[in-house]
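Colleague: Chains as they are written, first to last, in the UniProt record's numbering: chain W, 1 to 167; chain E, 1 to 234.
So that we are looking at the same thing, I have put the structure below in structure tokens.
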Amino acid sequence: MPFMKGIAPIRRTVQYLQSGKLSLKDRVQVFSVHYNRLGENHQGARDFVFWNLPKVQYQNPQVQVVTFKEMTPTPFIRCYLDSGDDVLIDVDNKSKEEIESHLKLVICKSDELLAKEAIAQEKKDNEANFGYGCQRHCICEMPGQVPCSAVCPLPNHMRGKLRFSTD
Amino acid sequence: MAVTRRLHKYYTVSFLKKWYVSHQRLCSWFSEIAAKIVKKEEVEEESHANSVLCWFTTDSVQSYNLSFVSGMASKAVRLLGRCLPFFPGKSIPNATRVQIRELELDETINMYFPKDTTFFAHDPGQVCKPGDIVLISSLPQKLTPLIEHEVLKVVYPFGDITDPITGKKVMNAMYREDIEFISEMYGKNEKGFDYENAPERGWQEDKKDFSHKQSYRRFQVYDKEDKQPYAVDY
């Protein structure tokens, strides 16, 4: 890990950033966290910001991730949607894990949806191709094509070695 | 739909001009669009050249009306920002300057750093005051060459924040009722600020406070008589 200086430099690795599980829904445009520097009820929110906020921003580059400190006595997360509404999530006295799991339920894409999107994004090769790495190894597998010469030899007039032999 | 984005750090107006000149002979339609961009004219929508040139994004304050080829629905981008004070020479009427703080990834150390950009948000009713946290939304079409966003709502007015969870008024991360309770226990200071009976923010505007108008930065004060009532202290 290069430049691994400071508190918890693991947060600054690409693998860490890519391991974020919170993929916010497309409706969310602003993700704001309000918390204080002091106060035990804010500890979960502080931990969430320290450990998870870079992951959230990395997973959702189009969302504005913003933090506000020392504004209200209790911590909360507020997400502003494109419809004009905002989702208010109270994280008072919650741990970082509780916050993460709650966010995943409320404003993140479900695992099924993410899997579907991943499939849709995969570049599908032309199904008609055959060969190494394709669906079919050889054209002889398709009915109607010339059968595999290993199984059924070609007739002599089609075999080059018998047509052009000088014997 | 017209969409404007922020400037890629390498592309300035001077670069665009040089780029335009170098490509002028390559393709006439290409250079036409580039010329319009350089002259800050409006570019037609649904132009093929547009889609090629759309990656020349421009600075938020000097933005050009580049539009994408139709088929791409441009969603209004909502941003949360802080209103900046009226600054002589920078503020324009019917618009507030809003500072948006976004996180920018530094690729070398994979760390996010806050980056501030300033936008002009259309605010005809002068709802915003300096320091307010406002929600702005990008306009489908630019209102003026400088104004691309509009103020949707003031989320947290400066000095008068309401805790959204409890609905109570809050000051400096304490409930106002708690502050009053503590002050009464210690002995209430009569000169202390009375939140309930205090007038709305901006009550001295046009009377003693002229900072919302075009003004000038305070010159060096050499003697007590030089009061400069219309000067601004920042």
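We put the CB at the ideal spot given by N, CA and C, even for glycine.
1) Leaving out the 5 sequence neighbours to the left and right, which residues in its chain are closer than 6 Å to E/V77 when beta-carbon positions are compared?
2) Which residue's Cα is closest to the Cα of W/V14: E/T108, E/F219, E/P114 and E/V221?
3) From E/S51 to W/H157, what distance separates their C-alpha atoms?
4) At what residue ranges does the UniProt domain "Ribosomal protein/NADH dehydrogenase" (37 to 110) of chain W contain a whole run of the beta strand (DSSP E), taking only runs of 3 or more?
5) Determine, using beta carbons only, whether E/R82 and E/K90 come nearer to each other than 8 Å.
6) Taking 8 Å as the threshold (C-beta atoms), are W/M71 and E/A173 in contact?
7) Quick one: measure Cβ to Cβ for W/V91 and W/P75, integer angstroms, because I've assumed they're closer than 8 Å.
8) Could you work out which residues of chain W lie near residue 237 of chain E, taking near to mean beta carbons separated by less than 7 Å?
9) Go through its chain and collect everything with a Cβ distance to W/Y60's Cβ below 6 Å, but skip five positions before and after it.
10) W/K69 and W/Y16 - do their beta-carbons sit closer together than 8 Å?
11) Residues of chain W with CB closer than 7 Å to the CB of E/E102, please, in chain order.
12) If you measure between the beta carbons of E/I100 and E/D116, is that distance less than 8 Å?
13) Across the stretch 140 to 150 of chain E and the stretch 172 to 192 of chain E, are there enough close Cβ pairs to call them in contact, namely three or more that are closer than 8 Å?
14) Determine the closest residue to W/G20 out of W/A8, W/Y58, W/E40 and W/R37, with distance taken between C-alpha atoms.
15) Please name the residue in E/P164, E/F86 and E/V221 whose C-alpha comes closest to that of W/V87.
16) Starting from E/G81 and walking both ways along the alpha helix (DSSP H), at which residues does that stretch end?
17) Does W/Q57 have its Cβ less than 8 Å from a Cβ in chain E?
18) Taking all protein chains shown into account, decide if E/V170 is buried (16 or more other Cβ within 10 angstroms of its Cβ) or exposed.
19) Quick one: does W/V49 have its CB under 8 Å from some CB of chain E?
20) Using a Cβ-Cβ cutoff of less than 7 Å, which residues in the same chain neighbour E/S211 once the five nearest sequence positions on both sides are dropped?
21) Grab the span of the alpha helix (DSSP H) containing E/F181 for me, first residue to last.
22) Measure how close the beta-carbons of W/D111 and W/R27 come, nearest whole angstrom, since I'm counting them as under 8 Å.
23) Which of the three DSSP states, helix, strand or coil, is assigned to E/A121?
24) Please name the residues in the stretch 193 to 222 of chain E whose beta-carbon is closer than 8 Å to at least one beta-carbon of chain W, in chain order.
25) Take E/P145 and list the residues in its own chain whose beta-carbon comes closer than 6 Å to its own, dropping the five residues that flank it on each side.
26) Consider the Cβ of W/Q43: report whether some Cβ of chain E lies at a distance smaller than 8 Å.
27) In chain E, which residues lie with their C-beta within 8 Å of the C-beta of W/D90?
28) Could you give the DSSP three-state label for E/T58: helix, strand or coil?
29) Should E/Q228 go down as buried or exposed, given a rule of 16 or more other Cβ atoms within 10 Å for buried?
30) List the residues of chain E whose Cβ lies closer than 8 Å to the Cβ of W/R78, in chain order.
31) Determine the burial state of W/Q121: buried for a count of at least 16 other Cβ atoms within 10 Å of its Cβ, exposed for fewer.
32) To be precise: take each residue of the stretch 78 to 91 of chain E, compare its Cβ to all Cβ atoms of chain W, and keep it if any distance is under 7 Å. Which residues remain?
33) DSSP on W/N129, reduced to helix/strand/coil?
34) Look at the alpha carbon of E/S215 and the alpha carbon of E/Y230, and state the distance between them as a whole number of angstroms.
35) Only counting the same chain, and skipping five residues up and downstream in sequence, which positions put a Cβ closer than 6 Å to that of W/S48?
36) If you draw a straight line from the alpha carbon of W/R37 to that of W/Q135, how long is it in whole angstroms?
Modeller: So, to answer that:
1) S138
2) E/T108
3) For E/S51, the predicted model reports a pLDDT of 46, less than 50, meaning its position is unreliable; a value from the coordinates is still stated below. So the alpha carbons of these two residues sit roughly 57 Å apart.
4) 64 to 69, 76 to 81 and 86 to 90
5) no
6) yes
7) 5 Å
8) Since the first residue shown for chain E is 1 and the last is 234, residue 237 of chain E is missing from the structure and cannot be characterised.
9) Checking the displayed sequence, the identity of residue 60 of chain W turns out to be Asn instead of Tyr. These residues qualify, in order along the chain: L24.
10) no
11) Q64
12) yes
13) no
14) W/Y58
15) E/P164
16) Element bounds for E/G81: not the alpha helix (DSSP H) but the beta strand (DSSP E), R78 to C83.
17) yes
18) buried
19) no
20) P85, F86 and V232
21) R176 to Y186
22) Contact doesn't hold; Cβ gap of about 18 Å is too wide.
23) strand
24) none
25) none
26) no
27) I165
28) Since pLDDT at E/T58 reaches only 40, below the 50 mark, its modelled position is unreliable, and the value read off the structure follows with that caveat. In this structure, E/T58 counts as coil in the three-state DSSP scheme.
29) exposed
30) P164
31) exposed
32) R78, L79 and L80
33) coil
34) 6 Å
35) This sequence places Phe at residue 48 of chain W; Ser is not what is there. K96 and I99, listed in sequence order.
36) 57 Å
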